[in-house]
Amino acid sequence: AITRQYLFDVQTTSVTRLCSTKSIVTVNGQYPGPTLFAREGDHVEVTVVNHSPYNMSIHWHGIRQLLSGWADGPSYITQCPIQPGGSYVYRFAITGQRGTLWWHAHISWLRATVHGPMVILPPAGVGYPFPAPHEEVPIMFGEWWNNDTEAVISQALQTGGGPNISDAYTLNGLPGPLYNCSAQDTFKLKVKPGKTYMLRLINAALNDELFFSIANHTLTVVDVDALYVKPFTVDTLIIAPGQTSNVLLTAKPTYPGASYYMLARPYTTTQGTFDNTTVAGVLEYDDPCPTTAAGKIVPIFSPTLPQINDTNAVSNFTAKLRSLASAGYPAAVPQQVDHRFFFTVGLGTHPCAVNGTCQGPNGSRFAASINNVSFVLPATALLQSHFAGKSKGVYASNFPYYPLNPFNYTGTPPNNTNVMNGTKVLVLPYGANVELVMQDTSILGAESHPLHLHGFNFFVVGQGFGNFDPINDPAKFNLYDPVERNTVGVPAGGWVAIRFHADNPGVWFMHCHLEVHMSWGLKMAWLVLDGSRPDQKLPPPPLDLPKC
Ligand code: C2O
Numbered sequence: 002a003i004t005r006q007y008l009f010d011v012q013t014t015s016v017t018r019l020c021s022t023k024s025i026v027t028v029n030g031q032y033p034g035p036t037l038f039a040r041e042g043d044h045v046e047v048t049v050v051n052h053s054p055y056n057m058s059i060h061w062h063g064i065r066q067l068l069s070g071w072a073d074g075p076s077y078i079t080q081c082p083i084q085p086g087g088s089y090v091y092r093f094a095i096t097g098q099r100g101t102l103w104w105h106a107h108i109s110w111l112r113a114t115v116h117g118p119m120v121i122l123p124p125a126g127v128g129y130p131f132p133a134p135h136e137e138v139p140i141m142f143g144e145w146w147n148n149d150t151e152a153v154i155s156q157a158l159q160t161g162g163g164p165n166i167s168d169a170y171t172l173n174g175l176p177g178p179l180y181n182c183s184a185q186d187t188f189k190l191k192v193k194p195g196k197t198y199m200l201r202l203i204n205a206a207l208n209d210e211l212f213f214s215i216a217n218h219t220l221t222v223v224d225v226d227a228l229y230v231k232p233f234t235v236d237t238l239i240i241a242p243g244q245t246s247n248v249l250l251t252a253k254p255t256y257p258g259a260s261y262y263m264l265a266r267p268y269t270t271t272q273g274t275f276d277n278t279t280v281a282g283v284l285e286y287d288d289p290c291p292t293t294a295a296g297k298i299v300p301i302f303s304p305t306l307p308q309i310n311d312t313n314a315v316s317n318f319t320a321k322l323r324s325l326a327s328a329g330y331p332a333a334v335p336q337q338v339d340h341r342f343f344f345t346v347g348l349g350t351h352p353c354a355v356n357g358t359c360q361g362p363n364g365s366r367f368a369a370s371i372n373n374v375s376f377v378l379p380a381t382a383l384l385q386s387h388f389a390g391k392s393k394g395v396y397a398s399n400f401p402y403y404p405l406n407p408f409n410y411t412g413t414p415p416n417n418t419n420v421m422n423g424t425k426v427l428v429l430p431y432g433a434n435v436e437l438v439m440q441d442t443s444i445l446g447a448e449s450h451p452l453h454l455h456g457f458n459f460f461v462v463g464q465g466f467g468n469f470d471p472i473n474d475p476a477k478f479n480l481y482d483p484v485e486r487n488t489v490g491v492p493a494g495g496w497v498a499i500r501f502h503a504d505n506p507g508v509w510f511m512h513c514h515l516e517v518h519m520s521w522g523l524k525m526a527w528l529v530l531d532g533s534r535p536d537q538k539l540p541p542p543p544l545d546l547p548k549c
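If you're matching positions, the sequence shown starts at 2 in my numbering and goes up one per residue.
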């Protein structure tokens, strides 16, 4: 194992898309940002220098951060932000993961432009459990706003309404030819017939789950969230913000010299407004094509994507995901559970005073919550105050284990509107084996929420539609080869059950990876206590940890 060193210079950079130029925050002037390469077992050291006018912190999405919680990065959870002119060195090891992850800003909406891929290769001398691809290509989806994204979110929070939707989706930073004034900004992947390519897919969009498909080609899923899965082949896959996946694509032209669109567009069940547009890249064969006197014939084929609200397509896809669960890559699913929790996740409403003022953004009724707690970020980092033994006035340790007033979660009309603001954590002893059921509530319409847990991978042991049935549903849990990941979609109008082993002391954020829902409070934090052995304790903070 070696130490890989990177320098991230956070700065403002002028970028043009859709014929509109604006100044955005980037790392090293690149959009998307630089790719970080490492092998499983390596140490990584990233020096982040903040030359932007914003407070900044970087999260290494999906990295376990085993005993290195000070490097996790979410602002006001594990660290205070790096102020303009400041710097911080993130030091962590890559343990038990191989595949694709990513890094992104973890404060306000700055991750819109501050993000990049993390390519994690197996240890030297260790191959993939599938034939080695000819080439590996990161494919990162994002969202582009012609306006400044910090202005978009602050305006939304001030008015208590929904933020403006994005102007385009992007593929490796490029919107592609289906948008006006964008044909010159198209990602092209040149392939050779007969060769296999591994696409390292990352959904870095702020607010949309995406369907992805390539015309006339199938995709074989081999890895999700940097963990191998039993390979399966599909025409279309679904990827939620925060999720990553490695897929194999074998180049076989169905028409010599042809080009094929690779398309992505949203999956959503919301009734509100969303960016209903399509990003396109092109798969181009560089084989000797038939030429005529009139020149090359290069037709472009287009895939058919599922309907925008096709929840069946989503659940059919997710049902196929299984851990490899082989001798070399066993699935360490906790078979016994000592802590069970039931969380409602969803959008809801605050109670309002007789004079009409409520506790939502700018006195509105609106809120997003987990177990009716709409999380409020503290003014200092939770992990710092916990470590210093100064939690008073920063957070309370009484996050509810289950909803205090159970109701018909998927029924209509809504009968639970009792959301309260709070900064509450749920405390776990070291080594707890946790089972958590997350239930979508359809108070303002059923919606899928990609929930991301920091500091752990978890096993997705069950999922279903309607209200979770605590008597009959657990009997159907898969405790043998459930998929292991760090971000899971709570199905629209349904529930998902996960298990994890709390072997990582620290404060770990859990939140909806739809940025707008996170801004409205759909987030909470786990506090995992130290164990008794020295190798079960979080070391003291690094000396350069930023101060609030
Ligand atoms: Cu990818 Cu808390 O984030």
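Ideal Cβ positions, reconstructed from N, Cα and C, are used throughout, including at glycine.
Item	Value
With 16 other Cβ atoms within 10 Å as the buried cut-off, status of Gln-464	buried
Validate contact between the stretch 159 to 167 and the stretch 5 to 24 using beta carbons, cut 8 Å, 3 pairs	no
First and last residue of the uninterrupted beta strand (DSSP E) at Met-263	260 to 268
Run of the beta strand (DSSP E) containing Ile-215, from where it starts to where it stops	210 to 215
DSSP three-state assignment for Pro-535, whether helix, strand or coil	helix
Close beta carbons around Asn-173, own chain, < 7 Å, minus the five adjacent residues each side	Pro-33, Ile-140, Met-141, Phe-188
Where the alpha helix (DSSP H) containing Val-153 begins and where it ends	150 to 160
Glu-516 - DSSP class collapsed to helix/strand/coil	helix
At least 3 beta-carbon pairs within less than 8 Å: the stretch 243 to 250 vs the stretch 217 to 229	yes
Near ligand 1: Phe-93 beta-carbon under 8 Å from a heavy atom	no
Where His-123 sits in the DSSP three-state scheme	The residue you asked about is not His; residue 123 is Pro in the sequence shown. Of the three classes helix, strand and coil, the one that applies to Pro-123 here is coil, per DSSP.
Where the alpha helix (DSSP H) containing Thr-187 begins and where it ends	Looking at the DSSP string, Thr-187 is not in any alpha helix (DSSP H), and its letter there is neither H nor E.
Integer Cβ distance of Val-553 from Phe-400, believed to fall under 8 Å	The question about residue 553 has no answer here: the residues shown for the chain are numbered 2 through 549.
Beta-bridge pairing of Trp-104 - partner residues as DSSP gives them	Trp-61, Gly-117
Whether Asn-505 touches Arg-65 by CB criterion (9 Å)	yes
Contact check, Pro-74 vs Phe-367, beta carbons under 9 Å	Reading the sequence as shown, one finds Gly at residue 74 and not Pro. No, the pair does not count as a contact, with Cβ atoms beyond the cut-off.
For Gln-537 and Asn-434, believed in contact at Cβ under 8 Å, the rounded distance	Between Gln-537 and Asn-434 the Cβ distance is about 15 Å, and since that is not below 8 Å, they are no contact.
Identified DSSP bridge partners for Phe-376	Gly-423
6 Å Cβ shell around Phe-459 - same chain, five flanking residues per side excluded	Ile-499, Phe-501
Test item: CB-CB of Ala-281 and Met-263 under 9 Å	yes
CA nearest to the CA of Gly-532, picked from Gly-432, His-455, Ser-398	Gly-432
Leu-539 versus Asp-545 - alpha carbon distance	17 Å
Stretch pair the stretch 119 to 130 + the stretch 521 to 535: three plus CB contacts closer than 8 Å	no
Integer Cβ distance of Trp-104 from Trp-61, believed to fall under 8 Å	5 Å
Proximity test, Pro-75 beta-carbon vs ligand 1 heavy atom, cut-off 8 Å	yes
Inter-residue CB distance, Asn-204 and Leu-211 (contact presumed, cutoff 8 Å)	6 Å
Burial state of Glu-428, where buried means 16 or more other Cβ atoms lie within 10 Å	Before going on, a small fix: residue 428 reads as Val here, not Glu. Per the 10 Å Cβ criterion, exposed.
CA-to-CA distance, Thr-171 to Asn-277, given in whole angstroms	13 Å
Heavy atom of ligand 1 within 8 Å of Phe-510 beta-carbon	yes
Close-in-space but distant-in-sequence residues of the same chain around Ser-88 (CB under 8 Å, 5 per side omitted)	Thr-48, Val-49, Val-50, Asn-51, Asp-545
Pair within 9 Å by beta-carbon distance, Ile-108 and Ser-76	yes
Nearest-angstrom Cα separation, counted from Trp-509 out to Gly-143	25 Å
Collapsed DSSP secondary structure at Leu-220 in the structure displayed	strand
First through last residue of the alpha helix (DSSP H) which encompasses Leu-383	383 to 388
From Pro-132, Asp-209, Tyr-268, Asn-372, residue whose alpha carbon lies closest to that of His-514	Asp-209
Cross-strand partners of Phe-510 (DSSP beta bridge)	Ala-526
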